[in-house]
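Chains as they are written, first to last, in our numbering: chain S, 1 to 384; chain W, 1001 to 1384.
For each residue, glycine too, the CB sits at the ideal point set by N, CA and C.
Heads up: the structure comes next, in structure tokens.
Protein chains: 2
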Amino acid sequence: MDAGAEPDAEIESGGGTWRFPAGKPLRLDSGATLPNLEVAYKTYGRLNETRTNAILVCHALTGDQHAASVNPATGRPGWWDNVIGAGLPLDPGRYFIIATNVVGGCMGSTGPASTNPKTGHPYALSFPVITIADMVRAQAMLIEALGIETLLAVVGGSMGGMQVLQWAADYPEKLFSAVCIAAAPRHSAQNIAFHEVGRQAIMADPDWRGGAYEAAGVRPEKGLAVARMAAHITYLSEPALQRKFGRELQRDGLSWGFDADFQVESYLRHQGASFVDRFDANSYLYITRALDYFDLAAQRGGTLAEAFATARGVRFCVLSFSSDWLYPTAESRDIVRALNAAGCRASFAEIETDKGHDAFFLDEPQLDRTLRGFFASTAQARGL
Amino acid sequence: MDAGAEPDAEIESGGGTWRFPAGKPLRLDSGATLPNLEVAYKTYGRLNETRTNAILVCHALTGDQHAASVNPATGRPGWWDNVIGAGLPLDPGRYFIIATNVVGGCMGSTGPASTNPKTGHPYALSFPVITIADMVRAQAMLIEALGIETLLAVVGGSMGGMQVLQWAADYPEKLFSAVCIAAAPRHSAQNIAFHEVGRQAIMADPDWRGGAYEAAGVRPEKGLAVARMAAHITYLSEPALQRKFGRELQRDGLSWGFDADFQVESYLRHQGASFVDRFDANSYLYITRALDYFDLAAQRGGTLAEAFATARGVRFCVLSFSSDWLYPTAESRDIVRALNAAGCRASFAEIETDKGHDAFFLDEPQLDRTLRGFFASTAQARGL
């Protein structure tokens, strides 16, 4: 499909896998290129005649393109079905909503589990290290191929929010608005530290096999589960854990052993065990690395405002959660300060909730109201 | 050695290993008993004639009896040599300072690596689950055997602070004062969650062998290192990590791979690697379990103040650190509120520092001043 071509049948039918044109590899920040790139995507709603109602939804670390429809890997609802749906802030009756699986992912887009065309075997660790900007570059090529010149909005939470910021830095001319939720302009030392724990847990698993587990017919499930457990704690606030679990026991009385005595242990174990069924360990390594490498200011000589210097035409909305300690509100304020310094139009809200980072997935009335209001006014400004 | 006996030569010489009298096992909260219990301890200074200058120092999760002298396992200074020493708040020229290795530990006290007298093999997972109260019960027996009726003070940070609280609850008549630093009256859901990640990391290591690694001649080093890395993050504040490491690189430029690119990664890997040289994986399981089981109020019908009902004669000092997110100041305030409700005499200070939980190990002028003042007035009140 060429730039400017008509949307094809796949889009009408709600998504598929888009393959980069032959001879057009994805150029990566590392200097490497990825040939035969495939981007898995889902769409909800229909592109209008003026092609002005398209919204790109960007996913977080372990998310995917199944934002608002049943995930075939888990049989569970899409990860943002609180936000995308009839009568919700992103209504497919009004907008053409696109969600992709990031490059490096494991739900259909090219990633370390994909076949390396040079060897005929899975890439594993021969997959090049990718960045948030690489993910966004692939998305931009897909959007162009879909015949969309300007996105009404790009929106995402957590790593999705970082993609939003990267979109604004690299393709401001393709954006009418940008909504960055629970994100940060760079990964902090603590963020990197938690990711490094997860990577070391995976690499410590003998079934990781230096990354070549697929060829060996094994999977580093225990290591990946530990990585997920450690990360999951950072997605929840301490008060939310206390409210949800406190010191409640699984059974009457203590086991006086190492079974899961406390409900919070059992919950975490379940988070780890269910994660390995749906996620690839090498993808986890590559995507956490992309996050750790993310530093928008460093890309522009150390000044964050420089990243937004050409984004004055974009309407920004920046949202944070009061109990998010992974990407605390102070990080969102840094973004807003830089947007202001760059002369960009930005609205900002810190949403009061005790649910922590993962609040952007959850039923949060204030988030719902804020997104509803922002998208309504954006659509109106766009003449929809 | 019997209760009331003269201090023996070992004490004069600065410590040793005290073995419970034959036929006198340690009774544990679980209902089990530990025969042939050994408690490794160090002493600094000399017990005065009236036996009124003894101070018991309690260690944190991975600490030991080497509080103020070179640790033979690491060749490094004692873990509290900022606080114990000539001219320091705990001056061995004035006080007789005792530090023990907790039951379940791996530096000489009976723990899971000790020989099970019933089998002649290491206990491993046949070691009974122990509690903070069990640790304290063993200490109380040692103190009694040393001929000390009343401690001038019991003092400790983190898990050491929990031992202090347990001392006040169980042996208030043996205490003149109690200093609880950076601790909590119970382990929160988040505390338990982090410990569970560490335990799962250890148990996921195939070299753990269901706990029987010693018999197999292996050690779960990778799992234990991951456990330490995850825990270590919780000991530092986010601002301290940012100040110390930020996004500083190990080398010029990124590796575009999974080497330690960032200094914080290298630091964490070092923390993990050096920890496995000095600590036993099963001890880590047992001591984290003891912490998770700790809930002082639950021991007394759910009312924390009840734990201190008989401690009105004890002078309390409760200290927290403003940037400690493992056992935040709010937890120390809960302790102080309960002490007040019980009619106990308690002074409280939140020490302003950005260094996080581990600040109690570090050179903190306000901590130094506070401890100095408290111990000086306590000694004066005791007529020293």
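Close beta carbons around W:A1073, own chain, < 6 Å, minus the five adjacent residues each side: In the second sequence, the residue the question calls residue 1073 of chain W occupies position 73. Answer for W:A1073: R1278, listed in chain order.
Cβ shell of S:I11 (< 8 Å), same chain only, five flanking positions each side left out: The sequence position of residue 11 of chain S within the first sequence is 11, counting from 1. Only weak support exists for where S:I11 lies, its pLDDT of 40 falling under 50; the value from the coordinates is given anyway. Within the same chain, S:I11 has close Cβ partners T43, L47, L146.
Host alpha helix (DSSP H) of S:R289 (start-end): As a working note, residue 289 of chain S is residue 289 in the first sequence. It spans 281-293 - the alpha helix (DSSP H) in which S:R289 sits, taken as one unbroken run.
Nearest-angstrom Cβ-Cβ length linking W:Q1166 and W:L1296, presumed shorter than 8 Å: Residue mapping note: residue 1166 of chain W aligns to position 166 of the second sequence, counting from 1. Residue mapping note: residue 1296 of chain W aligns to position 296 of the second sequence, counting from 1. 7 Å between Cβ atoms; contact.
Below-8 Å beta-carbon distance, W:E1012 vs any chain S residue: As a first step, residue 1012 of chain W is located in the second sequence; it is residue number 12 there, counting from the start. Any reading at W:E1012 must be qualified, since the residue scores a pLDDT of 40, below 50, and its modelled position is unreliable; the value itself is stated next. No, W:E1012 does not count as interfacial toward chain S.
Reference S:W256, options W:D1292, W:S1255, W:V1276, closest by Cα: Position 256 of the first sequence, counted from the first residue, corresponds to residue 256 of chain S. Comparing Cα positions, the closest option is W:D1292.
Simplified DSSP state of W:V1070, which is helix, strand or coil: Here residue 1070 of chain W corresponds to residue number 70 of the second sequence, with the count starting at 1. Three-state result, W:V1070: coil.
Contact under 8 Å by Cβ, W:L1151 with W:L1175: In the second sequence, residue 1151 of chain W corresponds to position 151, counting from 1. In the second sequence, residue 1175 of chain W corresponds to position 175, counting from 1. Against a cut-off of 8 Å, the Cβ pair of W:L1175 and W:L1151 comes out as a contact.
Inter-residue CB distance, W:G1356 and W:Y1235 (contact presumed, cutoff 8 Å): Taking the first residue of the second sequence as 1, we reach residue 1356 of chain W at position 356. Taking the first residue of the second sequence as 1, we reach residue 1235 of chain W at position 235. At roughly 6 Å, the Cβ-Cβ gap stays under 8 Å, so W:G1356 and W:Y1235 are in contact.
Status (buried if at least 16 other CB within 10 Å, exposed otherwise) for S:S126: If you number the first sequence from 1, residue 126 of chain S lands on position 126. Exposed, because fewer than 16 other Cβ atoms sit within 10 Å of the Cβ of S:S126.
The segment 170-182 of chain S: positions lying closer than 7 Å to chain W by Cβ: Of all residues in the segment 170-182 of chain S, none has a C-beta nearer than 7 Å to a C-beta of chain W.
The segment 1209-1218 of chain W in contact with the segment 1238-1247 of chain W per 3-pair CB rule at 8 Å: no
Test: W:E1350 CB closer than 8 Å to a CB of chain S: The sequence position of residue 1350 of chain W within the second sequence is 350, counting from 1. With 8 Å as the cut-off, W:E1350 does not count as an interface residue toward chain S.
Neighbouring residues, chain W, relative to S:Q250 (Cβ below 7 Å): Start at 1 with the first residue of the first sequence, and residue 250 of chain S comes out as number 250. Per Cβ cutoff of 7 Å: no residues; S:Q250 is ~12 Å from chain W at best.
Straight-line gap, S:A5 to W:A1231 (C-alpha atoms, nearest Å): For this step, residue 5 of chain S is matched to residue 5 along the first sequence. For this step, residue 1231 of chain W is matched to residue 231 along the second sequence. Residue placement at S:A5 is poorly supported in this model, since its pLDDT is 39, which falls under 50; the coordinates still yield a value, given next. In a straight line, the C-alpha of S:A5 is about 53 Å away from that of W:A1231.
Coarse secondary structure for S:L152, derived from DSSP in three states: Counted from its first residue, the first sequence places residue 152 of chain S at position 152. Looking at S:L152 - three-state DSSP - the assignment turns out to be coil, as it is neither helix nor strand.
Contact list for S:I233 against chain W, beta-carbon separation under 8 Å: By one-based count along the first sequence, residue 233 of chain S stands at place 233. Chain W residues near S:I233: Q1190, A1193, F1194, V1197.
Chain-ordered chain W contacts of S:E331 [CB-CB under 8 Å]: For the purposes of this step, residue 331 of chain S is taken as the residue at position 331 of the first sequence. Per Cβ cutoff of 8 Å: no residues; S:E331 is ~11 Å from chain W at best.
Rounded straight-line distance, which links the Cα of S:S283 to that of S:R312: Within the first sequence, the letter at position 312 stands for residue 312 of chain S. Within the first sequence, the letter at position 283 stands for residue 283 of chain S. One C-alpha to the other measures close to 35 Å.
Length-filtered (3 minimum) beta strand (DSSP E) runs lying within the segment 89-155 of chain S: 96-100
Span separating the alpha-carbon of S:L304 from that of S:H195: The residue labelled residue 304 of chain S in the question sits at position 304 within the first sequence. The residue labelled residue 195 of chain S in the question sits at position 195 within the first sequence. Between S:L304 and S:H195, the C-alpha separation is close to 23 Å.
Residues sharing a beta bridge with S:I192, DSSP: Stepping through the first sequence from its first residue, residue 192 of chain S is reached at position 192. S:I192 pairs with nothing; no bridge assigned.
Candidates S:A32, S:L37, S:G14: closest to S:G23 by CA position: Taking the first sequence and counting its residues from 1, the one referred to as residue 23 of chain S is at position 23. The shortest C-alpha separation from S:G23 is found at S:L37.
Test: W:G1087 CB closer than 8 Å to a CB of chain S: Locating residue 1087 of chain W in the second sequence gives position 87, where the first residue counts as 1. It does not; no Cβ of chain S falls within 8 Å.
For W:E1144 and W:M1162, the rounded distance between their alpha carbons: Walking along the second sequence from the start, residue 1162 of chain W turns up at place 162. Walking along the second sequence from the start, residue 1144 of chain W turns up at place 144. W:M1162 and W:E1144: Cα-Cα distance of roughly 21 Å.
The segment 172-187 of chain S in contact with the segment 77-84 of chain S per 3-pair CB rule at 8 Å: no
W:W1080 (DSSP reduced to helix, strand or coil): For the purposes of this step, residue 1080 of chain W is taken as the residue at position 80 of the second sequence. DSSP places W:W1080 in coil when its eight states are reduced to three.
CB contact check: W:S1126 to chain A, cutoff 8 Å: Here chain A cannot be found, since the structure's protein chains are S and W.
Reduced DSSP category for W:F1316 - H, G, I as helix; E, B as strand; rest coil: Working through the second sequence from its first residue, we reach residue 1316 of chain W at position 316. Strand, per DSSP.
Under the three-state DSSP convention, the category S:E265 falls into: As a first step, residue 265 of chain S is located in the first sequence; it is residue number 265 there, counting from the start. Three-state DSSP puts S:E265 in a helix.
Test item: CB-CB of W:A1140 and W:I1098 under 8 Å: One-based indexing of the second sequence puts residue 1140 of chain W at position 140. One-based indexing of the second sequence puts residue 1098 of chain W at position 98. No; because the gap between Cβ atoms is not below 8 Å, this pair is not in contact.
Below-8 Å beta-carbon distance, W:R1247 vs any chain S residue: The count along the second sequence starts at 1 and reaches residue 1247 of chain W at position 247. Answer yes: the Cβ-Cβ gap between W:R1247 and chain S drops below 8 Å somewhere.
8 Å Cβ cutoff met for S:D324 and S:A182: Numbered from 1 along the first sequence, position 324 holds the residue referred to as residue 324 of chain S. Numbered from 1 along the first sequence, position 182 holds the residue referred to as residue 182 of chain S. In this structure, S:A182 lies closer than 8 Å to S:D324 by Cβ.
For S:Y327, three-class secondary structure by DSSP: For the purposes of this step, residue 327 of chain S is identified with residue 327 of the first sequence, where counting begins at 1. Coil, per DSSP.
Residue range of the unbroken beta strand (DSSP E) whose run includes S:T43: The sequence position of residue 43 of chain S within the first sequence is 43, counting from 1. Unbroken beta strand (DSSP E) run through S:T43: 38-44.
W:E1364 burial status per 10 Å Cβ neighbour count (16 or more: buried): Reading the second sequence from its first residue, position 364 is the one you call residue 1364 of chain W. Burial call: buried.
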